[in-house]
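Enquirer:
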Amino acid sequence: MSADVELNNVSVTFGSFYAAKSVNVKINGGEFFSFLGPSGCGKTTLLRAISGFQDPSEGSVLIDNKDMSGIGPNKRPTSLIFQNLALFPLMSVSENIAFSLEVRGVSKGDRQKRANELLELIALEGQGEKKVHQLSGGQKQRVAIARALAVEPKVLLLDEPLSALDLKLRQRMRTELREIQKRVNITFIYITHDQGEALTMSDRIAVMNEGEIEQIGPCDEVYNNPLTPFVATFVGENNPLFGKVKEINQNKIKIETPDGDFVSTMNENKKLNIGDEAIAFVRPESLFLPRDGDSFDNLIDVNIESFEFEGNIKNFYATLKSGTKIKFSIPNAIDTSLISSGTKLQLGFESTKSSILPKAQLAID
Amino acid sequence: MKSTYFINFMMGMYIFIFFAYLFGPLIIMSITAFNSAEFPSISPWECFSFRWFNEGKIAYDGQHLAGLLSDWRLHDGIISSLIIGAGVVSLSVPIGMAAAIVLTQVRSQLRDIYYSISIMPVLFPGVIIGISTVVLWDRIAGLGGDGFISDVGRNGIFLTILAQTCFISTYCFLIFVARLQRFDQTQEEAALDLGATQTQVFFKILVPYLMPAIASAAVIAFLFSFENYNTTVFSILSDQTLTTVIASKVRLGISPALSALALTIIALTVIAAVTYEILRRRSEKKYAQSQEIFVKEKAASGRINKEYKAGFKVPKGIVAILLILVFATYAATQIVKNDLYGQSCIDAADQEKKSKFLEQLQTLESNELTEEELSGGSLGGTEDYGDIFGDPSLFQDFGGFD
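So this is what it looks like as structure tokens:
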């Protein structure tokens, strides 16, 4: 049982401040959908609007094609997992899980049965009598999920539930969340500022900035073809090269920068004309050291400043002729012992692996 | 290391003086309860006796000095104090809780104003609260003629409950505010989101969370009510509470029965505190045992270095307890050695006092004043001093004082 969630032109204002501005999005039933954005971008506000804790100032929230205005959070077919989990500390694990059944007047036996089923789902069989404070961080997480699933909601809302966990646990919980979603097959709406989380778990993501949605799409599309400089720099890392549009062919666009001319494939809905200020983006992993016989659409001269070892890759920091700083990474498997600070190199990248976008706000600093 | 010893010594002295200051009067008063003399005292020590806990005594001159068991005014006072205490608890705890919950809902500048108004009753003098309650209810009682309202409005116990609740509910309010400040409001939201109604959220989430505050607010409200004097003395009207009874006794001269009462109250308090502490430690131990397995696992994995031991520990207060025991034994042996206990001692003391009294009576009789001396003697006691205030007929103009 899953339900579509539709936000029609939803705006939420606090005084004269727009926490969310004209948000339009349709989330399909059974989908794992993420809102991704920096803190304060309005994603939690949207989640509260869906769960019923916040009335939209404009627009409407539709769940299962039903307008939710005037329906309180306790009457909506949604369950929310809070950032701090908000487990009830005075109750045992089972009581926590069965709370939603208790307030609906389900008998004690049935409650216990359902709690045991859910404990099995989250692999915590036989631990129902424990108190919440006796659980570890990951176990608490799973109890919160079980508690939210106890009433069989049509939509599960998750407000950065993994942010308090350490890295290893976070990675394991990602996989687990995804598996639970497949097993129960309901709509998951996930909120995060961690692009790694969003990309690994979601079917589609919406990138938000200052209350507005910048781009909606499947993860790879958002990563490979960002529509705005904000998305390009917020999702993954990107090197911006500032310049002016020099040439436009059918599907190629050329930009002139102090460090040379670069070509990129043009994707639709980009309103660029010759002479416009623009930014070319190229990701650190798309910059290559040319070997004999390689030919690249774009070449760029760099002067290595420093590098750092990250394990699977090595990151190099370099300056261009104009003084612009860029970063590129090379897999550890490739021998880079000859490169050190002060080395002058020529790097290459493909036009399909870079994007040229109209100049606008970046996500970095 | 000399200076460390000196500092430790000074610290010990300081602590001793501090506790002597705190508990000295209580200890002295407790001891006086066992002295058979009519006035609470330690020296001169008459006889060791429990009479002030029982029947008291009938003095050689026929005056009855009631003991704790036989003093019906004290009993009435205690009963009305208990009734008032229960009434105050059942009113001020819900009022304080409601006020504190409202405070969490108010945001904006109103919050400060609301808070100030809420704590204001604590700042009013208790006397004013008492008097104003009486004045108000006297008016209300006068409205309806004879009947229920008039009876209630002039019932001292009812008025005292209302008057004390006025300011005691503020103390409860402060206790609840302190607890609510640490309340995680997302728990309420989580409960709502899971389908609970507002009423269910209140009874299943908020009230269990506030339980410790409810308990301590109830205890504090009861104690404040029990010991209150300055509000009660006005609002109690013709009834009496324990405090007003004691106050009126002080006016007539106190008897060691009050010491006996004080000792009883102290003993009850200590027993309650010790029981609470024992229960608390027991539950703590239970929790520790549940954690023990966890700790042992950790110890096995080498994360905890020391061997984990759960065993009996010598209580730290043992020195104090031993000191008290030694002192009590010494006092007891002194009393036994000097034959300062039992009926024979009391009889002897009474006999001695009676003969002294008779002696004084005789002296007085032999020194009896003559008629002349009684009527003023050479001072001219019969003379009229009326006109030293001016014209003696002045006050007669409006009928004089009556």
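Protein sequences, first through last, are from chains A and B.
Sequence positions in the first sequence follow our numbering and run 63 to 427.
Sequence positions in the second sequence follow our numbering and run 113 to 514.
Just so it is clear, CB atoms sit at the ideal spot from N, CA and C, and this is done for glycine as well.
This structure is a prediction, so every number in the text was calculated from the model and none was measured.
Shorter than 7 angstroms from the beta carbon of A/F296 to some beta carbon of chain B?
Expert: So no, A/F296 is outside the interface.
Enquirer: Could you tell me whether any Cβ in chain A is nearer than 7 angstroms to the Cβ of B/L322?
Expert: No - not a single Cβ of chain A is within 7 angstroms of the one on B/L322.
Enquirer: With burial defined as no fewer than 16 other Cβ atoms inside 10 Å of the residue's Cβ, what is the status of A/S64: buried or exposed?
Expert: With 16 or more other Cβ atoms within 10 Å, it is buried.
Enquirer: Residues in the same chain with beta-carbon distance under 6 angstroms from A/G379, minus the five sequence neighbours each way, listed in chain order, please.
Expert: Sequence check: residue 379 of chain A is Tyr here, not Gly. Closer than 6 angstroms at Cβ, skipping near neighbours: E367, S368 and K389.
Enquirer: Using a Cβ cut-off of 7 angstroms, which residues of the segment 153 to 168 of chain A contact any Cβ in chain B, in chain order?
Expert: So the close ones are F161, S162, V165 and R166.
Enquirer: Hey, out of A/F144, A/E222 and A/I207, whose CA is closest to A/V155's CA?
Expert: The candidate whose alpha carbon is nearest that of A/V155 is A/I207.
Enquirer: Contact between the segment 106 to 125 of chain A and the segment 66 to 74 of chain A: three or more CB pairs below 8 angstroms?
Expert: At 8 angstroms Cβ cutoff, the stretches touch.
Enquirer: Can you find a CB in chain A that lies within less than 7 angstroms of the CB of B/Q299?
Expert: Closer than 7 angstroms to some Cβ of chain A, the Cβ of B/Q299 qualifies, so yes.
Enquirer: According to DSSP, is A/S326 part of a helix, a strand, or is it coil?
Expert: A/S326: strand per DSSP, three-state reduction.
Enquirer: Any contact between the segment 110 to 121 of chain A and the segment 277 to 295 of chain A? By contact I mean 3 or more CB pairs, one from each, below 8 angstroms.
Expert: Contact between the segment 110 to 121 of chain A and the segment 277 to 295 of chain A is absent, because fewer than three Cβ pairs lie under 8 angstroms.
Enquirer: Looking at the structure shown, is B/T343 part of a helix, part of a strand, or coil, going by DSSP?
Expert: Coil, per DSSP.
Enquirer: Within 10 Å of its beta-carbon, does A/I418 have 16 or more other beta-carbons around it, so buried, or fewer, so exposed?
Expert: Classification of A/I418: buried, given that the 10 Å Cβ count is 16 or more.
Enquirer: Report whether the distance from the Cβ of B/L215 to the nearest heavy atom of the ligand HEM is below 6 angstroms.
Expert: Of the ligands one can find in the structure shown there are none, so the ligand HEM has no counterpart to examine.
Enquirer: Indicate whether at least one CB of chain B lies closer than 7 angstroms to the CB of A/A148.
Expert: Cβ-Cβ to chain B under 7 angstroms: yes for A/A148.
Enquirer: Taking only beta carbons into account, state which residues of the segment 302 to 320 of chain B come closer than 8 angstroms to chain A, listed in chain order.
Expert: Of all residues in the segment 302 to 320 of chain B, A302, A303, L304, D305, L306, G307, A308, T309, Q312, K316, I317 and P320 have a Cβ within less than 8 angstroms of some Cβ in chain A.
Enquirer: Are the CB atoms of B/G238 and B/L354 nearer to each other than 7 angstroms?
Expert: Not in contact: B/G238 and B/L354 (Cβ atoms no closer than 7 angstroms).
Enquirer: Is the beta carbon of A/Y252 sitting closer than 7 angstroms to the one on A/L220?
Expert: Yes; because the gap between Cβ atoms is below 7 angstroms, this pair is in contact.
Enquirer: Given this structure, state the Cα-to-Cα distance separating B/S262 from B/G242, to the nearest angstrom.
Expert: Near 18 angstroms, if we compare the C-alpha coordinates of B/G242 and B/S262.
Enquirer: With 16 as the cutoff for other CB atoms within 10 Å, does B/R291 come out buried or exposed?
Expert: So B/R291 ends up on the buried side.
Enquirer: On the three-state DSSP scale, how would you describe B/E300?
Expert: If DSSP states are grouped into helix, strand and coil, B/E300 belongs with the helices.
Enquirer: I believe B/L207 touches B/S281 by the beta-carbon criterion, under 8 angstroms. Please report the beta-carbon distance rounded to the nearest angstrom.
Expert: This sequence places Ile at residue 207 of chain B; Leu is not what is there. Going by Cβ atoms, the distance from B/I207 to B/S281 rounds to 4 angstroms, so yes, they are a contact pair.
Enquirer: Figure out for me which residue from A/I315, A/K314, A/T319 and A/V297 has the closest Cα to the Cα of A/K306.
Expert: For the residues A/I315, A/K314, A/T319 and A/V297, the minimum Cα distance to A/K306 belongs to A/T319.
Enquirer: Candidates A/G200, A/Q174 and A/D172: which alpha carbon is nearest A/I184's?
Expert: Checking every option, the nearest Cα to that of A/I184 belongs to A/G200.
Enquirer: Counting only runs of 3+ residues fully inside the segment 153 to 195 of chain B, write out the beta strand (DSSP E) ranges in chain order.
Expert: Complete beta strand (DSSP E) runs here, min 3: 168 to 170 and 176 to 178.
Enquirer: Within 10 angstroms of its Cβ, does B/K398 collect 16 or more other Cβ (buried), or is it exposed?
Expert: Classification of B/K398: exposed, given that the 10 Å Cβ count is below 16.
Enquirer: Where DSSP assigns a beta bridge to A/N301, which residues make up the other side?
Expert: Paired residue(s): A/V344.
Enquirer: Within 10 Å of its beta-carbon, does A/K170 have 16 or more other beta-carbons around it, so buried, or fewer, so exposed?
Expert: Exposed is the call here.
Enquirer: Secondary structure at A/M153, three-state DSSP: helix, strand or coil?
Expert: A/M153 falls in the coil class under three-state DSSP.
Enquirer: Could you tell me the alpha carbon to alpha carbon distance between A/R236 and A/N286, rounded to whole angstroms?
Expert: If you take the alpha carbons of A/R236 and A/N286, they lie about 22 angstroms apart.
Enquirer: Once you ignore the five residues that flank B/F346 on each side, which residues in its own chain have a CB closer than 7 angstroms to its CB?
Expert: Cβ neighbours of B/F346 beyond the five flanking positions: V239, G242, I243 and V246.
Enquirer: Say whether the segment 85 to 92 of chain A touches the segment 255 to 275 of chain A, bearing in mind that this needs 3 or more beta-carbon pairs closer than 8 angstroms, one atom from each stretch.
Expert: The segment 85 to 92 of chain A vs the segment 255 to 275 of chain A: in contact.
Enquirer: Suppose the cutoff is 7 angstroms on Cβ atoms and the five residues either side in sequence are ignored; what does the same chain contact list for B/Q299 look like?
Expert: Hits under 7 angstroms: I317.
Enquirer: Looking only at its own chain, which residues have a Cβ that is under 6 angstroms from the Cβ of B/G265, when we skip the five neighbours before and after it?
Expert: Here the set comprises W249, I252 and A253.
Enquirer: Which residue comes first and which comes last in the alpha helix (DSSP H) that contains A/D363?
Expert: First-last for A/D363: N360 to F371, but that is the beta strand (DSSP E), not the alpha helix (DSSP H).
Enquirer: For A/T75, does the three-state DSSP call read helix, strand or coil?
Expert: Of the three classes helix, strand and coil, the one that applies to A/T75 here is strand, per DSSP.
Enquirer: Should B/T144 go down as buried or exposed, given a rule of 16 or more other Cβ atoms within 10 Å for buried?
Expert: Label assigned to B/T144: buried.
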